[in-house]
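One structure is given below, encoded as structure tokens.
In this note's numbering, the protein residues as written are 35 to 312.
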């Protein structure tokens with residue numbers, strides 16, 4: 035008779051679904067599994083971890099909630115590994131930030147550190163389609179060209195930075211900057227006393243610096259892009275404070291409204307991706 039494999043004592047004693055979920059994650063890493071690969075069947079996981087079917091199903095459900103697997107039912111049912119979607123990750127991050135006192139100064143202090151590096155790192159990877167999307171963003175958000183209301187232009191400005199983020203190969207830097215962009219788009223509001231003229235000046239200044247950034251990026255001048263973005267972030271922080279921008283309420287983001295990944299963004303804004311900054 036075959037001998038059962040030894041499993042961690044914690045699982046034998048507690049048989050908790052979260053511990054099993056942790057072991058399944060370890061299994062994924064050890065076997066170097068990728069999105070699209072199937073996990074062992076439920077019965078095989080039961081045998082491997084010496085737990086009940088209910089515990090395995092709860093563990094798989096936990097991994098599904100985390101966005102790591104999808105679950106199918108039936109005799110051969112089980113989990114299939116998937117890539118964690120950006121909107122799910124952003125939602126987890128917002129749950130943490132919900133109980134933090136985040137201010138405009140906090141947001142722009144981080145932007146001033148990260149955006150120059152994000153833009154500089156994107157330069158070698160920008161394609162013709164990216165440049166067209168960046169130009170389209172500028173035209174949409176320039177008050178001298180766009181027919182949208184000025185507040186909408188300010189929110190749409192952030193798309194310019196999303197396009198640069200999508201081109202940067204560093205996934206962690208990209209994620210952090212996209213999170214900040216979404217917070218700016220969704221949560222920053224301005225005083226009713228801020229004049230339309232002030233909004234217009236802000237928009238025109240953004241459009242101009244965006245044009246300079248695109249020009250330097252087309253020349254593949256990494257250092258110039260970094261310097262321009264650093265100046266842009268400093269100016270933007272001053273302008274938002276002058277316009278009495280503030281965070282509205284607690285950090286509550288709707289996962290359905292979060293920015294789509296690069297491919298979906300291209301499809302949404304066909305034929306060119308939209309863009310912006312703030």
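The beta-carbon is built from N, C-alpha and C at its ideal position, and this holds for glycine as well.
- In the DSSP assignment, the residues bridged to residue 106 are 112.
- Assignment of residue 223 by DSSP, reduced to helix, strand and coil, places it in the strand class.
- Taking residue 265 as reference, the option from 243, 197, 254 with the minimal CA-CA separation is 243.
- Counting only residues of its own chain and dropping the five nearest sequence neighbours on each side, residue 168 has a CB closer than 7 Å to the CB of 194, 197, 248, 309.
- The alpha-carbon separation between residue 209 and residue 259 amounts to approximately 20 Å.
- Within the stretch 51-105, the alpha helix (DSSP H) runs of at least 4 residues that lie entirely inside it are, in chain order, 51-64, 76-83, 87-99.
- DSSP places residue 267 inside the alpha helix (DSSP H), whose first and last residues are 256-276.
- Cα atoms of residue 91 and residue 76: separation of roughly 8 Å, rounded to the nearest angstrom.
- Per the coordinates, the alpha-carbon of residue 211 lies some 18 Å from the alpha-carbon of residue 158.
- Three or more Cβ pairs closer than 8 Å define a contact, and the stretch 81-101 falls short of that threshold against the stretch 132-149.
- According to DSSP, residue 208 shares a beta bridge with no other residue.
- Under the Cβ criterion (8 Å, minimum of three pairs), the stretch 49-60 counts as touching the stretch 95-103.
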